[in-house]
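Using my numbering, you'd call the opening residue of the sequence shown number 1441 and step up by one each time.
C-beta: ideal position from N, C-alpha, C; glycine also.
What follows is one structure encoded as structure tokens, with my remarks underneath.
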Amino acid sequence: MVKNITGTALLFYIVLIGSTPVRSETSSIGTAFLCAGHRAPPHRLYRTSDSSLSSHAPTPLRLSRRSFLSSAGGVGAGLTLTPFVESCDAATGAPVSLPPSSSALETGLLEGRVSENLLSFPRYGMEVPDIFYPSYFNGIWNASSALTRVEAPAGIGLFGGNATFSRTLEETSAPPLQYKSRFLMAEANQAIADREYNVKTIVAATMGEQSMRQVRSATPNKFCCVVAPASSGGTLFAIDIIALNRRQERVSDTEFHCAETVRQLIKRIGVAGDAPSGSNAPIIKEIETVSLYTSMPPIEQMIGEEKVKLANIRCIQRTATYLVPGEDPLSLKKWEIARGRPVDVRFYDVTYTQRIS
């Protein structure tokens, strides 16, 4: 069933980790990465190609609030973003280099973020250039994703209101989303997700067969596309997904954990056939997706009158969506009320099956 897209209740079903969709009516046009009076903690900032900055990290920079808001509100479709690895010493203001990787963090960190439902912004960095899956991921899989749990850590108001929260809760009893996912073999007997293929199959399953209009970029660190969901009356949306943090853990021969935090920008660019106006500001959020994969023993299943054997991978997935302050006072106020907590947390059970005999 194709979801409706109205106003800021956009749907974005694209998440780069394992290409598992986030079906969110408040945080995305597609997956989708989310007490008053207290100042939010210091932030990690990322320099973009147009000097825009991203929030949420522990190292302070010498930057005024006005400058920050101006930069954060000015991002748009086609933005490229790279980690800003230079910060300032708190006492002297002299530039200091930040560590390029947090790969020394202990294995089990990602499982803890899911099992303990941690609400802090992730402390791992951009550890790997892509997610490198075990070789048994190779091939095309039939995927099934079921929403199992929804939470609003910063309150239902910041989630999107009672009606939006209730509709999202109803999805926990809806049939699982069915789509295909493809992984390709890479170097060192590892697999990588075919991001463009996977996004296209997810968009077709959630927005309609002809909804994907253009893929502008499809790399591990940046995915940009234009969609026109079937229920949007031909309205075009430009979507940019830019990787901020990435981590993977090979827990055992059958367990693989990975996570990616992205900045998601969604901008209405007009109606199909019209010249893009480019006048409206994008909706910007940051989303962490943690996926805990387990390779299960093969299962047998009847297809027609034939008994077949299927490879079987199970995944427990958690998404957390964080607000990013914009130029308007309401956006800034919501960000301050959230106090660094995610406003939308969801858990999914995902199953991948592939015929092997």
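Length of the line joining the Cα atoms of residue i and residue j
i, j, result
"Gly-1766", "Glu-1776", "11 Å"
"Glu-1700", "Glu-1726", "10 Å"
"Ile-1796", "Leu-1558", "38 Å"
"Arg-1622", "Pro-1569", "19 Å"
"Ala-1658", "Ala-1678", "14 Å"
"Arg-1690", "Leu-1676", "40 Å"
"Tyr-1762", "Ile-1681", "14 Å"
"Met-1625", "Glu-1636", "15 Å"
"Ser-1464", "Arg-1607", "Only weak support is given to the placement of Ser-1464: the predicted model assigns it a pLDDT of 41, under 50, and the question is left unresolved by the model."
"Arg-1754", "Asp-1768", "42 Å"
"Met-1652", "Cys-1664", "11 Å"
"Lys-1779", "Lys-1773", "Inspection of the sequence shows that residue 1779 is occupied by Arg rather than by Lys. Taking the straight line joining both Cα atoms gives about 10 Å."
"Arg-1563", "Val-1711", "40 Å"
"Gln-1757", "Thr-1734", "12 Å"
"Pro-1737", "Val-1783", "37 Å"
"Asn-1602", "Glu-1610", "12 Å"
"Thr-1694", "Tyr-1573", "11 Å"
"Glu-1567", "Ala-1683", "11 Å"
"Gly-1801", "Thr-1793", "Residue numbering for the chain in the displayed model covers 1441 to 1797; residue 1801 lies beyond these limits and cannot be assessed."
"Gln-1630", "Pro-1660", "15 Å"
Segment limits, alpha helix (DSSP H) that includes residue i
i, result
"Thr-1701", "Where Thr-1701 is concerned, there is no enclosing alpha helix (DSSP H), although the beta strand (DSSP E) it sits in stretches over 1695 to 1711."
"Thr-1608", "1602 to 1610"
"Thr-1641", "1635 to 1647"
"Ser-1575", "Where Ser-1575 is concerned, there is no enclosing alpha helix (DSSP H), given that its DSSP letter is neither H nor E."
"Leu-1549", "1549 to 1555"
Residues of its chain near residue i, where Cβ-Cβ distance is below 6 Å and the 5 sequence neighbours each way are ignored
i, result
"Glu-1591", "Val-1785"
"Glu-1728", "Phe-1473, Pro-1562, Thr-1701, Ala-1760"
Residues near residue i by beta carbon distance below 7 Å, same chain, minus five either side
i, result
"Thr-1588", "Thr-1612, Phe-1787, Tyr-1788, Asp-1789"
"Phe-1605", "Ala-1592, Ile-1596, Phe-1599"
"Ala-1586", "Pro-1616, Tyr-1788, Asp-1789"
"Gln-1741", "Val-1748, Leu-1750"
"Val-1554", "Val-1730, Leu-1732, Ile-1756, Arg-1758"
Within-7 Å CB hit, residue i to chain B
i, result
"Cys-1665", "Annotation note: the requested chain B is absent from the structure, which comprises a single protein chain."
Sheet register partners of residue i (DSSP bridge)
i, result
"Pro-1616", "Pro-1616 is not bridged to any residue."
"Thr-1659", "Lys-1662"
"Ser-1621", "Trp-1581"
"Ser-1731", "Cys-1698, Gln-1757"
"Leu-1587", "Tyr-1788"
Endpoints, the beta strand (DSSP E) within which residue i is located
i, result
"Gly-1597", "Gly-1597 -> not in any beta strand (DSSP E); alpha helix (DSSP H) instead, spanning 1596 to 1599."
"Glu-1689", "1675 to 1690"
"Arg-1795", "1784 to 1795"
Close beta carbons around residue i, own chain, < 8 Å, minus the five adjacent residues each side
i, result
"Leu-1545", "Arg-1563, Tyr-1564, Arg-1687"
(request) Any chance you could list the alpha helix (DSSP H) runs of at least 4 consecutive residues sitting entirely within the region 1736 to 1777, in chain order? (result) none
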